[in-house]
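Student:
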Amino acid sequence: MDIRVERTRRSLQQALLALAQERTLDDITIGAIVERAGVNRSSFYQHYSDKDTLLADALDAAETDAGARVPELDGPLPLEAPDDLVAYLRHFETNAALYKRVLGERGSSVAASRIRARLETAAREGVVASGSHAFDGLPLDVVGAGIAGSAIAVIETWLAREPLPPVETAAGWVWRVLIGPGLRD
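Per this note's numbering, the sequence shown starts with residue 491, numbered consecutively.
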């Protein structure tokens with residue numbers, strides 16, 4: 491990719507993330523984004539069709555920059571939350587105000603659907619890798635959607651708490667909700 495294109499996209503992404511820390515997503519205009527990024531409006535539309543796509547790309551880049559990745563499982567499910575889950579949620583903790591807005595009622599459906607898609611993929615792969623029979627008879631895409639939806643709901647609920655509980659607590663909540671049905675007494 492052309493370095494100028496990448497630089498412009500990064501400037502727009504960083505501008506939107508900075509603005510999203512300060513105000514609601516509805517209150518952020520394309521004009522405010524381009525002003526903060528130091529580019530003109532036509533540059534915005536050369537790279538993005540709308541603010542939601544920019545936000546989704548900005549969050550993707552922020553996750554990558556932070557080294558946050560959806561946990562991958564390659565064997566039986568551990569009883570405790572995997573370290574990768576704690577690390578992934580730490581990115582949400584660091585950007586709690588932003589993710590609360592993104593995942594909230596008036597958030598970004600594009601950004602939320604990308605997060606959900608990453609979690610669904612990891613869930614499907616994790617179920618297969620774990621060898622668990624807890625979901626036998628269910629289509630794998632249905633299982634992935636259910637797991638991802640549950641994880642996002644727990645993350646949203648965690649982010650809404652005041653004060654925000656520690657990330658280790660949130661990871662434990664997510665993990666217990668996800669593996670609870672698969673555990674046998």
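Glycine included, each C-beta is placed from N, C-alpha and C at the ideal position.
#1: Here's a check: name, in chain order, each residue in its chain whose Cβ is nearer than 8 angstroms to the Cβ of T514, leaving out the five neighbours to either side.
#2: What residue does the alpha helix (DSSP H) around T666 start on, and which one ends it?
#3: From V495 to L509, what distance separates their C-alpha atoms?
#4: How far does the alpha helix (DSSP H) with L509 in it extend, from its first residue to its last?
#5: Which value, in whole angstroms, describes the spacing of the CA atoms of A660 and G670?
#6: Rounded to a whole number of angstroms, what is the C-alpha to C-alpha distance between K541 and A619?
#7: For I487, does the three-state DSSP call read helix, strand or coil?
#8: For the alpha helix (DSSP H) holding S622, just list the boundary residues, first then last.
#9: Using a 10 Å radius around the Cβ and a threshold of 16 neighbouring Cβ atoms, would you call A638 buried or exposed?
#10: Could you check what DSSP says for E615 in three-state terms: helix, strand or coil?
#11: What is the DSSP secondary structure of E595, reduced to helix, strand or coil?
#12: How would you call R499, buried or exposed, if buried means at least 16 neighbouring beta carbons within 10 angstroms?
#13: Would you check if the stretch 544-555 and the stretch 604-619 touch, i.e. whether three or more CB-CB distances between them fall below 8 angstroms?
#14: Using the Cα positions of W665 and S501, report the straight-line distance between them to the nearest angstrom.
#15: Around the Cβ of G616, are there at least 16 other Cβ atoms within 10 angstroms (buried) or fewer (exposed)?
#16: Look at the alpha carbon of S598 and the alpha carbon of G662, and state the distance between them as a whole number of angstroms.
Tutor: In brief:
#1: Locating residue 514 in the sequence shown gives position 24, where the first residue counts as 1. Excluding sequence neighbours, T514 sits near R591, R596.
#2: As a working note, residue 666 is residue 176 in the sequence shown. Correcting the residue type first, residue 666 is Arg in the shown sequence and not Thr. Boundaries of the alpha helix (DSSP H) harbouring R666: 657-669, taken from the DSSP string.
#3: Translated into positions along the sequence shown, residue 495 becomes position 5. Translated into positions along the sequence shown, residue 509 becomes position 19. In a straight line, the C-alpha of V495 is about 21 angstroms away from that of L509.
#4: Start at 1 with the first residue of the sequence shown, and residue 509 comes out as number 19. For L509, the enclosing alpha helix (DSSP H) stretches over residues 493-512.
#5: Taking the sequence shown and counting its residues from 1, the one referred to as residue 660 is at position 170. Taking the sequence shown and counting its residues from 1, the one referred to as residue 670 is at position 180. Linking A660 to G670 through their CA atoms gives a straight-line distance of about 15 angstroms.
#6: Position 51 of the sequence shown holds residue 541. Position 129 of the sequence shown holds residue 619. One C-alpha to the other measures close to 37 angstroms.
#7: Here the chain comprises residues numbered 491 to 675, so residue 487 is not present and cannot be evaluated.
#8: Position 132 of the sequence shown, counted from the start, is the residue given in the question as residue 622. Where S622 is concerned, there is no enclosing alpha helix (DSSP H), given that its DSSP letter is neither H nor E.
#9: Within the sequence shown, residue 638 is the residue found at index 148, counting from 1. By the Cβ neighbour-count rule, A638 is buried, with 16 or more other Cβ atoms within 10 Å of its own.
#10: The sequence position of residue 615 within the sequence shown is 125, counting from 1. Helix.
#11: The residue given as residue 595 occupies position 105 in the sequence shown. In the structure shown, E595 sits in coil (DSSP, three-state: anything other than H, G, I, E or B).
#12: Locating residue 499 in the sequence shown gives position 9, where the first residue counts as 1. With 16 or more other Cβ atoms from the protein chains shown falling within 10 Å of its own Cβ, R499 counts as buried.
#13: Enough Cβ pairs lie closer than 8 angstroms, so yes.
#14: Within the sequence shown, numbered from 1, the residue matching residue 665 stands at position 175. Within the sequence shown, numbered from 1, the residue matching residue 501 stands at position 11. Taking the straight line joining both Cα atoms gives about 36 angstroms.
#15: Within the sequence shown, residue 616 is the residue found at index 126, counting from 1. Residue environment: G616 is assigned as buried (16 or more neighbouring CB atoms within 10 Å of its CB, all protein chains considered).
#16: In the sequence shown, residue 598 corresponds to position 108, counting from 1. In the sequence shown, residue 662 corresponds to position 172, counting from 1. Going by the C-alpha atoms only, they are around 26 angstroms apart.
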